[in-house]
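Just so you know, the protein sequences line up as chains A and B, in that order. When you read off a place in the first sequence, starting at 1, and then add 8, the result is the number in the numbering used here. When you read off a place in the second sequence, starting at 1, and then add 8, the result is the number in the numbering used here. Glycine residues also receive a C-beta, built at the ideal position from the N, C-alpha and C atoms.
There are 2 protein chains.
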Amino acid sequence: MARNPVTVRPDTVVISNIAPLIEGGRYAVKRVPGESLCIEVDLIKDGHDQLAAVLKWRKASSRVWQEAPLRPVDNDRWSATIVLDEIGEWRFTIEAWCDLYLTWIHDFERRLTGDQEDFSVDLEEGRRIFSAASNRASLKKARSDAQMLASLAEDLPGTPPREVPAKYGTAVVHALMARWPDRSFATEWKTPCPVWVDHPRARFSSWYEFFPRSAEGSATKHSTFRDCLPRIEDAAAMGFDVVYFPPIHPIGLAHRKGKNNATTCLPGEPGSPWAIGGPAGGHCSVEPALGTLKDFEWLVNQARKRGVEIALDFAINCSPDHPYVKEHPDWFHQRPDGTIKYAENPPKKYQDIYPLNFHCEDWKSLWNEMLRVVRFWISRGVRIFRVDNPHTKPVSFWEWLIGEIRKTDPDIIFLAEAFTRPKMMRMLGKIGYNQSYTYFTWRETREELQEYATELTQGEMREYYRANFWPNTPDILPHHLQNAPRSMFKLRAALAATLSTSWGIYSGYELCENAPLPGREEYLDSEKYQLKARDWNRPGNIKQFISRLNAIRRENAALHEYSNLAFIPAGNDRILAYYKWNDDRSNLIIVVANLDVHLRQESFIHLPLAEMGLGTGAAFTVEDLMWEEVYHWKGADNFVSLDPRNKPVHILRLVRRKA
Amino acid sequence: MARNPVTVRPDTVVISNIAPLIEGGRYAVKRVPGESLCIEVDLIKDGHDQLAAVLKWRKASSRVWQEAPLRPVDNDRWSATIVLDEIGEWRFTIEAWCDLYLTWIHDFERRLTGDQEDFSVDLEEGRRIFSAASNRASLKKARSDAQMLASLAEDLPGTPPREVPAKYGTAVVHALMARWPDRSFATEWKTPCPVWVDHPRARFSSWYEFFPRSAEGSATKHSTFRDCLPRIEDAAAMGFDVVYFPPIHPIGLAHRKGKNNATTCLPGEPGSPWAIGGPAGGHCSVEPALGTLKDFEWLVNQARKRGVEIALDFAINCSPDHPYVKEHPDWFHQRPDGTIKYAENPPKKYQDIYPLNFHCEDWKSLWNEMLRVVRFWISRGVRIFRVDNPHTKPVSFWEWLIGEIRKTDPDIIFLAEAFTRPKMMRMLGKIGYNQSYTYFTWRETREELQEYATELTQGEMREYYRANFWPNTPDILPHHLQNAPRSMFKLRAALAATLSTSWGIYSGYELCENAPLPGREEYLDSEKYQLKARDWNRPGNIKQFISRLNAIRRENAALHEYSNLAFIPAGNDRILAYYKWNDDRSNLIIVVANLDVHLRQESFIHLPLAEMGLGTGAAFTVEDLMWEEVYHWKGADNFVSLDPRNKPVHILRLVRRKA
């Protein structure tokens, strides 16, 4: 509470309600290089003095602050906008002071409106202020400023009072004095506030997930890393820049699951890649059937040459055959009979998986080993990790692990695959996850989509949570995709790719695979438990649509920014419309989607012209980037008509008229 | 940010978003003894373990925590409600852990729904949990609990699994195990959160302000402290429990202001009491014309015997004749010509007042002297200070001064007379002011009153800002009171006295004094500059109305609580209706006011029956406590009709039917 007795130099200005600040600065705000960061603060000072204030910022590792002036917004709120240009940890703080010059000139101007006759003392006060500023400039060897200030000081006592504002209140003098303020009574916010600047891909990325073992689309031949290149090239051709592999490590034999998650497997069945660890090794080994570590490194390099990063799955699961079980039985939960506890969510049992005990006696070794695993793959070229079920491991562990990795590799990206309760999902974003899975997969109606996208991009979450929208995953074939037509696959892809800045699909989506395990939100004959036969160019695929979608994303800056989403009213509630506008206002994209994948839907949509920089009644052109069509619109209300069989969605770019 | 490497024992539970917490705990939440404090927190834990958690609290000066269990609200939010019983500084914190017993019994019950046959290991796990709990009880010499737990442990392995829930999942066993949990892996919130518990009068008080020198109502004879007792008795009879005096110190002669704020005064004019300090002394002296310090102490005692506290004005202004000017010229702002700077707000000048420079070189002495002044009056019996213009002195000074006073006298009340910008007003509440003036004085329409009362009592401000509503002050005769009828005086008094818990009037209000200085919101012939002639029982006074108002306040617990205000919809926008319900729901008051002071207004009002604990279509009785009438109402919609000439307002008590 109160800073205590009459010993410390007292604050002259109250600094309060700094934003953005996550839980009082306990967690960092996130940005990417070049993204603007607008900081606001209340500055409160007794009396009538004029305030001045700066925002100060630095890399966490630096001692040198940069500064930008804070400007009043209204009602004692001040703000400044900066852009951080380098990946890593940053700090900002606020410094504010009563500005002697501003107070003097402000009071002087008001004195002139009264009946005062003798201004000699006021002029002398001013002279001293300018003279002191000159001395400060002189000390810093700013000779030209020092001379200008000295001559202003010298001339002041002889200046007729009525001429003072015109000579001493100009923008030039303001700027000059702003360079040499007396900050000896300044108050500084004591706890610098954290910002984490991520690799740009943390904000903007397009993911494609496939199982390397099924890369060639054969149900009988296990593919290898060397066989994966065509699949990666196909993903790159579709415009994806991240290819994510389920775990590539040796798969356990004990309790190996069979086809469709059967509790026993037949000889030769490959098992679930998430049951990690066997005679061939654990988390730092590769499944022999996929090839060697060298093969993997070769693939990472080949992919990178094609503009694609390979993301690995970091799944902290151990099969009963994992080397840790023998080497560190104390890292696991032991039961009274001496056995190791398998994973369960009673009455469900997962005998093929042993969870680690992160709070065991020897937790330090365990945590360090996990860190070593991540570093191992980083040293093999991996820069992106998709983390499996992070919500079943301690939050404190992730905060520590991500913090350690960032000390040496600040550009590494961790995607949290936490489909769990909202507060856990948010917390994983707060403690450092760069991207997160979301409930998008289950948001269907206009109301649901608007509400959820608003929560993610317009509330406090936008400062620390970066939503990665997945229409499907190997675990989830949502009801609306089950036996659904192509239009649904196009619709959900378009929504995922334009509502958020990161999106991803699990392979097969582009082929509109839609067969569910009866009564479940899961795939029939799930690839998790078997090799999967596929014709990657099967007729009826939507690869061209996806390619165009990713191309539009790449080419339009508005779709690279996260929290610039605004919805557009439409009379027909099957029509969802929104627009995104980039920070410098050079690119505006309007998306209009027909949420009905069977019937044509039509509606007037009501554009907020003023917010979009258009005059009332303006005539303008929008270009459909998906279908290469042009519409001439006028005023706020414009008619749209979408037949899902050929056009489930418009993706329109506002064409600016030449000046 | 992250708590660092693998050295500290890691947190097992994430504790987050504690509420109420003002600016992350920088400022204290306020309560009074007996007032409930509901604390909420997000508790987040990986996996499926069952959590348990406690709220812990103590006096700031104590080392011993008290504890109450936190209960889940929803969505990982937990809460507990406590009542703090002693004035002073308190701390609370949160401790949470994975509860082994709850997790075990929860999992056991779910296991029974599956196909498991052998439960011996699960039973043994349970046995160990009960046995360990027995040992903990034993260590604390809780023999009976230890024995019960030991016998539960002993019986468990032989218990048929199907019988386990009925024997080991009972409320009795839950309660027993809740007394002896294993908290060795508990996580505690590291920074205890502050609560300030005030004297009850900080929340509930009725103020009456008068100038002691005009106590007898004579324009020619200066009254003394000894003459003030009848006025205090009259105030007590009207139900006021605080009588507030403008400054009682010697008044300066230099630049003394004359009648109606004239810049020169005539011989014998008394001057403004806010121009403090003269040959007879400064802030620790009394104006000789009022009597002696002994007389003042006598009056404080006499008032207290009548249930009234005398509040002093703490106005840090010095007249040019104040002893400080000679003794400590360095405490003031010096101008270049060696003169001391008088107060001004250019082009306005206040030559009779020198402001102190709280950031002067010798600020420590100055601050300590101000502390000495407050302590001086405390030692003379003063427990309440109304602070004049606190927003023109540093916030850091007030935070320090109030903090110092509280170390010895935690029951002292400071009322901030800050009519200034909203954020400064709020900040003064945050740093410790127990009560604050407000904009109520200028809120007139239903919309304005509802919006403002909602901001004060329903948002975050309710945790730290206690509004004292004043219809008038010696400085302010608002436009709506100028030449206004008695009904307006009754209306504004009733609103002030029932919308907030503290209210006050400046004397003359009860006489409906309404003559303004032309064109200003000020009184004609302001008592600030002259002795004032008055007949304190002048015909047309509203003393009886005010007496009844304060009696109703005193007798109805609903009007003692601050943040229990809810508005009631009324079809006619000149009708303002609201209700207040006390914490234990024993007393419900409905206020219906006619904001039109000239014409009768009628309306249906729509009572929120469910929120008021009444069934749909219920018939009930309301008793008008002001006019001693009874109405029989039925259902949500009831008709009201108020003629301002005799009844500007209903103050209704819901009469509960006997069971």
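Cutoff 8 Å: residue 24 of chain B Cβ touching any chain A Cβ: Walking along the second sequence from the start, residue 24 of chain B turns up at place 16. Yes, residue 24 of chain B counts as interfacial toward chain A.
Interfacial residues, the segment 419-437 of chain B to chain A, with Cβ spacing under 8 Å: Residues 429, 430, 431, 432 and 435.
Nearest-angstrom beta carbon gap, residue 190 of chain A and residue 108 of chain A [assumed within contact, 8 Å]: To locate residue 108 of chain A, count along the first sequence from 1; it is residue 100. To locate residue 190 of chain A, count along the first sequence from 1; it is residue 182. Yes, residue 108 of chain A and residue 190 of chain A are in contact; Cβ-Cβ is about 6 Å, under 8 Å.
For residue 593 of chain A, the nearest candidate out of A:558, A:661, A:540 and A:649 (CA to CA): By 1-based counting over the first sequence, the position of residue 593 of chain A is 585. Checked all of A:558, A:661, A:540 and A:649; the closest Cα to residue 593 of chain A is A:661.
Selected residue, minimal CA-CA separation from residue 514 of chain A, among A:243, A:112, A:197 and A:177: Residue numbering aside, residue 514 of chain A sits at position 506 when the first sequence is read from its first letter. The candidate whose alpha carbon is nearest that of residue 514 of chain A is A:243.
Backbone secondary structure at residue 422 of chain A - three-state DSSP: Indexing the first sequence from 1 puts residue 422 of chain A at position 414. It is a strand residue.
Within the segment 160-206 of chain A, ranges of the alpha helix (DSSP H) (whole runs, at least 4 residues): Here the runs fully enclosed are 172-176 and 179-187.
Nearest to residue 236 of chain A (by Cα), restricted to the options A:221, A:248, A:198 and A:301: Stepping through the first sequence from its first residue, residue 236 of chain A is reached at position 228. Residue 236 of chain A has its Cα closest to that of A:221, out of A:221, A:248, A:198 and A:301.
Proximal residues, the segment 342-353 of chain A versus chain B, C-beta separation under 7 Å: Look at the segment 342-353 of chain A: the residues with a C-beta under 7 Å from a C-beta of chain B are 343, 344, 345 and 353.
Chain-ordered chain C contacts of residue 193 of chain B [CB-CB under 8 Å]: In summary, chain C is missing from the structure at hand, where the protein chains are A and B.
Proximity below 8 Å, CB of residue 91 of chain A to CB of residue 45 of chain A: Position 83 of the first sequence, counted from the start, is the residue given in the question as residue 91 of chain A. Position 37 of the first sequence, counted from the start, is the residue given in the question as residue 45 of chain A. Between residue 91 of chain A and residue 45 of chain A, the C-beta gap is smaller than 8 Å, which places the two residues in contact.
Beta carbon proximity, residue 32 of chain A to chain B, threshold 8 Å: By 1-based counting over the first sequence, the position of residue 32 of chain A is 24. Yes, residue 32 of chain A lies at the interface with chain B (some Cβ there is under 8 Å from its Cβ).
Spatial neighbours of residue 447 of chain B in its chain, beta-carbon cut-off 7 Å, leaving aside the 5 residues before and after: Taking the first residue of the second sequence as position 1, residue 447 of chain B is located at position 439. Answer for residue 447 of chain B: 460, listed in chain order.
The beta strand (DSSP E) enclosing residue 26 of chain A, as first and last residue numbers: Numbered from 1 along the first sequence, position 18 holds the residue referred to as residue 26 of chain A. Start and end: 22-27.
Listed by chain order, chain A residues near residue 403 of chain B by CB distance under 7 Å: Numbered from its first residue, the second sequence carries residue 403 of chain B at position 395. The contacting residues are 22, 52 and 54.
Beta carbon proximity, residue 115 of chain A to chain B, threshold 8 Å: Reading the first sequence from its first residue, position 107 is the one you call residue 115 of chain A. Judged by the 8 Å Cβ criterion, residue 115 of chain A is in contact with chain B.
One or two residues paired with residue 326 of chain B in a DSSP bridge: Mapped onto the second sequence, residue 326 of chain B falls at position 318. Listed as beta-bridge partners of residue 326 of chain B by DSSP are B:362.
Proximity test, residue 656 of chain B beta-carbon vs the ligand SAH heavy atom, cut-off 7 Å: Although the ligand SAH was asked about, the structure shown includes no ligands whatsoever.
Chain-ordered residues of the segment 132-146 of chain B with a beta carbon less than 9 Å from chain A: Residues passing the 9 Å Cβ filter: 132, 133, 135 and 136.
Of the listed residues A:135, A:443 and A:296, nearest to residue 231 of chain A (C-alpha basis): Residue numbering aside, residue 231 of chain A sits at position 223 when the first sequence is read from its first letter. It is A:296.
Of the residues B:187, B:193, B:422 and B:638, the one placed nearest residue 77 of chain B, counting alpha carbons only: On the second sequence, position 69 is the one that residue 77 of chain B refers to. Of the listed residues, the one whose Cα sits closest to residue 77 of chain B is B:187.
Proximity of residue 110 of chain B and residue 167 of chain B at Cβ, strictly below 8 Å: Here residue 110 of chain B refers to the residue found at position 102 when the second sequence is read from its first residue. Here residue 167 of chain B refers to the residue found at position 159 when the second sequence is read from its first residue. No.
Those residues which DSSP pairs with residue 512 of chain B across a bridge: Position 504 of the second sequence holds residue 512 of chain B. Per the DSSP secondary-structure output, residue 512 of chain B pairs in a beta bridge with B:215.
Proximity test, Cβ basis, 8 Å: residue 614 of chain A and chain B: In the first sequence, the residue the question calls residue 614 of chain A occupies position 606. Chain B has no Cβ within less than 8 Å of the Cβ of residue 614 of chain A.
Which of helix, strand or coil DSSP assigns to residue 618 of chain B: Taking the second sequence and counting its residues from 1, the one referred to as residue 618 of chain B is at position 610. Three-state result, residue 618 of chain B: coil.
Min CB distance residue 190 of chain A to chain B below 8 Å: Position 182 of the first sequence, counted from the start, is the residue given in the question as residue 190 of chain A. Residue-level contact check: residue 190 of chain A does not touch chain B, since none of the beta carbons of chain B fall below 8 Å from its beta carbon.
Option nearest residue 436 of chain B by Cα separation, candidates B:299, B:398 and B:253: Along the second sequence, read from residue 1 onward, the residue named residue 436 of chain B stands at position 428. For the options B:299, B:398 and B:253, the alpha carbon positioned closest to that of residue 436 of chain B is the one of B:398.
Local conformation of residue 661 of chain B per DSSP, three classes: In the second sequence, counting from the first residue as 1, residue 661 of chain B sits at position 653. Of the three classes helix, strand and coil, the one that applies to residue 661 of chain B here is strand, per DSSP.
Backbone secondary structure at residue 629 of chain A - three-state DSSP: Reading the first sequence from its first residue, position 621 is the one you call residue 629 of chain A. In this structure, residue 629 of chain A counts as strand in the three-state DSSP scheme.
Other residues of its chain near residue 622 of chain A: CB distance less than 7 Å, five sequence neighbours each side excluded: Here residue 622 of chain A is taken as the residue at index 614 of the first sequence, counted from 1. Here the set comprises 628.
Opposing strand residues paired with residue 292 of chain A [DSSP bridges]: Walking along the first sequence from the start, residue 292 of chain A turns up at place 284. When beta bridges are read from the DSSP output, residue 292 of chain A appears opposite no residue.
Test: residue 338 of chain B CB closer than 8 Å to a CB of chain A: Along the second sequence, one-based indexing puts residue 338 of chain B at 330. Not closer than 8 Å to any Cβ of chain A, the Cβ of residue 338 of chain B fails to qualify, so no.
Chain-ordered chain A contacts of residue 122 of chain B [CB-CB under 9 Å]: For the purposes of this step, residue 122 of chain B is identified with residue 114 of the second sequence, where counting begins at 1. Simply 354, 355, 356 and 357.
Coarse secondary structure for residue 11 of chain A, derived from DSSP in three states: Taking the first sequence and counting its residues from 1, one reaches residue 11 of chain A at position 3. Model confidence at residue 11 of chain A stands at a pLDDT of 46, short of 50, so the residue's coordinates are unreliable; what they give is reported in the following sentence. Residue 11 of chain A falls in the coil class under three-state DSSP.
CB contact below 8 Å: residue 129 of chain B versus chain A: Here residue 129 of chain B corresponds to residue number 121 of the second sequence, with the count starting at 1. Answer yes: the Cβ-Cβ gap between residue 129 of chain B and chain A drops below 8 Å somewhere.
Option in A:571, A:48, A:547 and A:196 with minimal Cα separation from residue 587 of chain A: Taking the first residue of the first sequence as 1, we reach residue 587 of chain A at position 579. When only C-alpha atoms are compared, the closest one is A:571.
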